[in-house]
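Trainee:
Numbering (this note's numbering), first residue to last: 1 to 274.
(1) Of all the options 149, 92, 130 and 169, which has the alpha carbon lying nearest to the alpha carbon of residue 257?
(2) Leaving out five residues before and five after residue 139 in sequence, what residues of the same chain have Cβ atoms less than 6 Å from its Cβ?
(3) Let me check understanding here. Comparing Cα to Cα, which of 215, 191 and 187 lies closest to residue 198?
(4) Can the beta-carbon of residue 118 be found less than 9 Å from the beta-carbon of residue 128?
(5) Residue 148 and residue 87 look like a contact to me (Cβ under 8 Å); what is the Cβ gap, rounded to whole Å?
(6) Report the three-state DSSP secondary structure of residue 194 (helix, strand or coil).
(7) Could you tell me the alpha carbon to alpha carbon distance between residue 104 and residue 188, rounded to whole angstroms?
(8) Does residue 183 pass the burial test, meaning 16 or more other C-beta atoms within 10 Å, or should it be called exposed?
(9) Where are the beta strand (DSSP E) runs, 3 residues long or more, that stay fully inside the region 123–203, in chain order?
(10) Please specify which runs of the alpha helix (DSSP H), each continuous and at least 4 residues long, are wholly inside the region 202–250, giving them in chain order.
(11) According to DSSP, is residue 45 part of a helix, a strand, or is it coil?
(12) Helix, strand or coil for residue 261? Go by DSSP, reduced to three states.
(13) Tell me where the beta strand (DSSP E) around residue 88 begins and ends.
(14) Return the first residue and the last residue of the beta strand (DSSP E) that residue 93 is part of.
(15) Would the region 151–158 count as touching the region 105–112 if we require 3 or more Cβ pairs under 8 Å?
(16) Cutting at 6 Å between CB atoms, please list the residues of its own chain near residue 163, excluding the five before and the five after it.
(17) Rounded to whole angstroms, how far is the Cβ of residue 265 from the Cβ of residue 143, which I believe are closer than 8 Å?
(18) Let's test the definition: count the other Cβ atoms within 10 Å of the Cβ of residue 185 and tell me whether it reaches 16, buried, or not, exposed.
(19) Starting from the Cα of residue 254, find the closest Cα among 101, 244 and 272 and give me that residue.
(20) Using only the heavy atoms of the ligand GTP, determine whether one of them is closer than 8 Å to the beta carbon of residue 154.
(21) What residue range is occupied by the uninterrupted beta strand (DSSP E) comprising residue 107?
(22) Is residue 102 helix, strand or coil by DSSP?
(23) Mind checking if residue 264 is an interface residue toward chain B, Cβ cutoff 9 Å exclusive?
(24) Cβ atoms of residue 200 and residue 208: under 9 Å apart, would you say?
(25) Please classify residue 83 as buried or exposed, where buried requires at least 16 neighbouring CB atoms within 10 angstroms.
(26) Taking the C-alpha atoms as reference points, what is the distance between residue 235 and residue 157?
(27) What distance in whole Å lies between the Cβ atoms of residue 171 and residue 252, which are believed to be in contact at a cut-off of 8 Å?
(28) For residue 167, which residues in the same chain have their Cβ closer than 7 Å to its Cβ, ignoring the five residues on either side in sequence?
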């Protein structure tokens, strides 16, 4: 991963260096430089695609207004992802009854899945990955999201001024109390970036807001979009476990031990790999 990033950065710097050269008055030797710039840019784009592919594999994948995000439901998933054995059942009251939600202005939540989409530039159609199949969801009891499953990605926003992300850790317990999960073995947090939410302009899914440009530039644009609104995004995603054949339901909290409160809580069903 690190190796790809260095390569992409070095190539990008080379492109900038060439682009900064003054344009010649007439065609000549500089035509060769122009061709080299185009070749280098192509290599940068290819390197970025490799980085994205590696990043997707690492994730364990197999805003004040998002238009056209799909239906609103607290049972959002219908299609079956790899390892999907259905969403979690109702969480035991002995766990949900202990939930205390931090006052972080939680909102603009959706559940999605990582997938591909297309966009057109001229007569060329390109493909990217991002969060697709988005369904608006509303929390229960202030900050609890039920019924999640393998392959789901939960996206929420909180008040950036109130949220101290380093204070929070994952706590998960199976419904029967026999198994606990932590930051290492539990759901993954903040594996997704702005580029996964702010899809490319003209995207085939019709999601907004959008931005043009590379993955990194769209991530930067989304960071600015959130900052302007005083918001911070948080994502959670749920991997499978090949030995969990029938599926195990977990109740989880994004918990701050200092305050004894949770930014977000949710229930999900772990299942075997597809």
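Using N, Cα and C, we set each Cβ at its ideal position, and we do this for glycine too.
Mentor: Answer, in terms of the structure:
(1) Working through the chain shown from its first residue, we reach residue 257 at position 257. Ranked by Cα distance from residue 257, the first of 149, 92, 130 and 169 is 169.
(2) Residue mapping note: residue 139 aligns to position 139 of the chain shown, counting from 1. Hits under 6 Å: 145.
(3) Position 198 of the chain shown holds residue 198. Minimum Cα-Cα distance from residue 198 among the listed residues 215, 191 and 187 corresponds to 215.
(4) Start at 1 with the first residue of the chain shown, and residue 118 comes out as number 118. Start at 1 with the first residue of the chain shown, and residue 128 comes out as number 128. Contact annotation: residue 118 and residue 128 have beta-carbon atoms nearer than 9 Å.
(5) Numbered from its first residue, the chain shown carries residue 148 at position 148. Numbered from its first residue, the chain shown carries residue 87 at position 87. Taking 8 Å as the upper bound for CB-CB distance, residue 148 and residue 87 are in contact here, some 6 Å apart.
(6) As a first step, residue 194 must be located in the chain shown, where it is residue number 194. Note: residue 194 maps to helix in three-state DSSP.
(7) Locating residue 104 in the chain shown gives position 104, counting from the first residue. Locating residue 188 in the chain shown gives position 188, counting from the first residue. Roughly 21 Å between the two C-alpha positions.
(8) Taking the chain shown and counting its residues from 1, the one referred to as residue 183 is at position 183. By the 10 Å Cβ count, residue 183 comes out exposed.
(9) Secondary structure within the region 123–203: the beta strand (DSSP E) runs of 3 or more consecutive residues, fully enclosed, are 124–136, 144–149, 153–159 and 168–174 (chain order).
(10) As far as the region 202–250 is concerned, its whole alpha helix (DSSP H) runs of at least 4 residues are 215–228.
(11) Residue numbering aside, residue 45 sits at position 45 when the chain shown is read from its first letter. The predicted model places residue 45 with a pLDDT of 49, which falls under 50 and marks its position as unreliable; any figure quoted below should be read in that light. If DSSP states are grouped into helix, strand and coil, residue 45 belongs with the helices.
(12) On the chain shown, position 261 is the one that residue 261 refers to. Looking at residue 261 - three-state DSSP - the assignment turns out to be strand.
(13) Within the chain shown, numbered from 1, the residue matching residue 88 stands at position 88. For residue 88, no beta strand (DSSP E) segment is defined, and its DSSP state is neither H nor E.
(14) Residue 93 sits at position 93 when you count from the first residue of the chain shown. Residue 93 -> not in any beta strand (DSSP E); alpha helix (DSSP H) instead, spanning 93–96.
(15) Short answer: they touch.
(16) To locate residue 163, count along the chain shown from 1; it is residue 163. A distance below 6 Å between beta-carbons, with the five flanking residues on each side excluded, links residue 163 to the following residues of its chain, in chain order: 104 and 232.
(17) Translated into the one-based positions of the chain shown, residue 265 becomes position 265. Translated into the one-based positions of the chain shown, residue 143 becomes position 143. Indeed they touch by this definition, with Cβ atoms about 6 Å apart.
(18) One-based indexing of the chain shown puts residue 185 at position 185. With fewer than 16 other Cβ atoms within 10 Å, it is exposed.
(19) Along the chain shown, read from residue 1 onward, the residue named residue 254 stands at position 254. Among 101, 244 and 272, the Cα nearest to that of residue 254 is on 101.
(20) Looking for the ligand GTP in the displayed structure turns up nothing, as the structure carries no ligands at all.
(21) Sequence index remark: in the chain shown, residue 107 carries index 107 (1-based). Taken as a continuous stretch (DSSP letters only), the beta strand (DSSP E) holding residue 107 covers 107–121.
(22) Along the chain shown, one-based indexing puts residue 102 at 102. Of the three classes helix, strand and coil, the one that applies to residue 102 here is coil, per DSSP.
(23) Within the model displayed, chain B is absent; a lone protein chain is all it includes.
(24) Here residue 208 refers to the residue found at position 208 when the chain shown is read from its first residue. Here residue 200 refers to the residue found at position 200 when the chain shown is read from its first residue. In this structure, residue 208 lies away from residue 200, with their beta-carbon atoms at least 9 Å apart.
(25) Here residue 83 is taken as the residue at index 83 of the chain shown, counted from 1. The predicted model places residue 83 with a pLDDT of 47, which falls under 50 and marks its position as unreliable; any figure quoted below should be read in that light. Result: buried.
(26) Stepping through the chain shown from its first residue, residue 235 is reached at position 235. Stepping through the chain shown from its first residue, residue 157 is reached at position 157. In this structure, the alpha-carbon of residue 235 lies about 9 Å from that of residue 157.
(27) Taking the first residue of the chain shown as 1, we reach residue 252 at position 252. Taking the first residue of the chain shown as 1, we reach residue 171 at position 171. The beta-carbon separation of residue 252 and residue 171, rounded to 7 Å, stays under the 8 Å limit for a contact.
(28) The residue you call residue 167 lines up with position 167 of the chain shown. The residues are 256 and 258.
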